[in-house]
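Trainee: Per the numbering used here, the sequence shown starts with residue 128, numbered consecutively.
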Amino acid sequence: METLTRTYALTLEGVRKVYGSGDGAVTALDGVSVGLARGSFTAVMGPSGSGKSTFLHCAAGLDRPTAGRVLLGDTDLGGLGETKLTELRRGRIGFVFQAYNLLPALTVRQNITLPLRLAGRKADQRWLSEIVERVGIASRLDHRPSELSGGQQQRVAIARALVGRPEVLLADEPTGALDSRTARQVLELLRTLVDSLGQTVLMVTHDPVAASAAHSVLFLADGRLAGTLSHPTPDRVAAHMTRLGEW
Ligand code: ADP
Ligand code: MG
128 METLTRTYAL TLEGVRKVYG SGDGAVTALD GVSVGLARGS FTAVMGPSGS GKSTFLHCAA
188 GLDRPTAGRV LLGDTDLGGL GETKLTELRR GRIGFVFQAY NLLPALTVRQ NITLPLRLAG
248 RKADQRWLSE IVERVGIASR LDHRPSELSG GQQQRVAIAR ALVGRPEVLL ADEPTGALDS
308 RTARQVLELL RTLVDSLGQT VLMVTHDPVA ASAAHSVLFL ADGRLAGTLS HPTPDRVAAH
368 MTRLGEW
């Protein structure tokens, strides 16, 4: 186990999630086991209702599994109370959503450093300079979000997710609101963060082009793992999705 947790940034072991009870019970995840290697970029795909969001929420400690374990490094999330879990989410996990969720009244700089301020931590100025440079918004730090394009706003959200040096960056449809050219640029940025900084990224998407930016793709169907692809291309991802639809 010790070697595993050194290798894996995030581990799910037999994760099962049942919503509701009795006749109304829905099994959203049905025994999923996955290890995300440090520095890997993994996409999760599957038909609507296959459990993608539940998978991400369990991985993030936003939802507690009905059975099984989730480990961030060697920390078992199931062993943490709500306060510790909130601290872990703030300090060790970064989130990027489809909607950028920036605060309109704050400048770009203030938006990026907000999670640190909430956690009572100071921004490391060298790291802050490096990430705003890398995501390409260094010249926009004093602007308000409304003065930026959608792609720029998502870059700000990515910088905000990275500012605390998270062990894992979790992204839920991060390019879902962007046009295809801007989406490609944001995906290239995520891939660059993985390849040059060793950032671990887990991204849920329904878009085969987005998924092909990752090192590998996990497919979910009916709450179960239904295959993986490494070195994905949009065509191979789409073909696998079509097969899932036929099952
Ligand atoms: P996806 O993101 O792949 O569309 P979800 O993880 O959102 O799938 O949902 C998986 C299944 O669990 C679906 O059948 C969904 O209706 C159900 N589900 C998700 N969240 C809840 C909830 N809070 N209460 C009840 N059922 C839920
Ligand atoms: Mg979903």
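No residue lacks a Cβ here, since even glycine has one placed at the ideal position from N, Cα and C.
Please go through the same chain and pick out, in chain order, the residues whose beta-carbon is closer than 8 Å to the beta-carbon of Leu212, but skip the five residues on each side of it.
Mentor: Here the question's residue 212 lines up with position 85 in the sequence shown. Excluding sequence neighbours, Leu212 sits near Gly188, Leu204.
Trainee: If we require 4 or more residues per run, which alpha helix (DSSP H) segments fall completely within the stretch 246 to 271?
Mentor: 252 to 262
Trainee: Look at the alpha carbon of Pro301 and the alpha carbon of Gly151, and state the distance between them as a whole number of angstroms.
Mentor: Position 174 of the sequence shown, counting from 1, holds the residue named residue 301. Position 24 of the sequence shown, counting from 1, holds the residue named residue 151. So the alpha carbons of these two residues sit roughly 32 Å apart.
Trainee: As a quick exercise: from Asp334, Glu140, Leu275, Thr134, pick the residue whose alpha carbon is nearest that of Arg351.
Mentor: Translated into positions along the sequence shown, residue 351 becomes position 224. Residue Glu140 is the option with its Cα nearest to Arg351.
Trainee: Hey, Pro272 and Val235: beta-carbon distance below 9 Å or not?
Mentor: Counted from its first residue, the sequence shown places residue 272 at position 145. Counted from its first residue, the sequence shown places residue 235 at position 108. In this structure, Val235 lies closer than 9 Å to Pro272 by Cβ.
Trainee: Grab the span of the beta strand (DSSP E) containing Thr355 for me, first residue to last.
Mentor: What you label residue 355 is simply residue 228 of the sequence shown in a count that begins at 1. 351 to 357 is the extent of the beta strand (DSSP E) around Thr355.
Trainee: Kindly examine ligand 1 and report whether one of its heavy atoms sits closer than 8 Å to the Cβ of Thr240.
Mentor: Residue 240 sits at position 113 when you count from the first residue of the sequence shown. Thr240: no, Cβ never under 8 Å from ligand 1.
Trainee: Tell me whether Val331 counts as near ligand 2, meaning its Cβ is closer than 8 Å to at least one heavy atom of that ligand.
Mentor: As a first step, residue 331 must be located in the sequence shown, where it is residue number 204. Yes; taking the cut-off as 8 Å, the Cβ of Val331 has a heavy atom of ligand 2 nearer than that.
Trainee: Taking only three categories from DSSP, how would you classify Ala284?
Mentor: In the sequence shown, counting from the first residue as 1, residue 284 sits at position 157. DSSP places Ala284 within a helical segment (H, G or I) once states are collapsed to three.
Trainee: With a CB to CB cut of under 7 Å and the five nearest residues on each side skipped, what residues in its chain are close to Pro76?
Mentor: With the chain running from 128 to 374 in the structure shown, residue 76 is simply not present.
Trainee: With DSSP as the reference, identify every bridge partner of Phe182, one or two as the case may be.
Mentor: As a first step, residue 182 is located in the sequence shown; it is residue number 55 there, counting from the start. None, per the DSSP bridge assignment.
Trainee: Leaving out the 5 sequence neighbours to the left and right, which residues in its chain are closer than 7 Å to Gln237 when beta-carbon positions are compared?
Mentor: The residue you call residue 237 lines up with position 110 of the sequence shown. Within the same chain, Gln237 has no close Cβ partners at all.
Trainee: Counting Cβ pairs, one atom from each stretch, are 3 or more of them under 8 Å apart for the stretch 159 to 175 and the stretch 209 to 225?
Mentor: Using a C-beta cut-off of 8 Å, the stretch 159 to 175 makes no contact with the stretch 209 to 225, since fewer than three inter-stretch Cβ pairs fall below that distance.
Trainee: Run the proximity test for Ser175: is its beta-carbon closer than 8 Å to any non-hydrogen atom belonging to ligand 2?
Mentor: In the sequence shown, counting from the first residue as 1, residue 175 sits at position 48. Yes, Cβ of Ser175 sits closer than 8 Å to a heavy atom of ligand 2.
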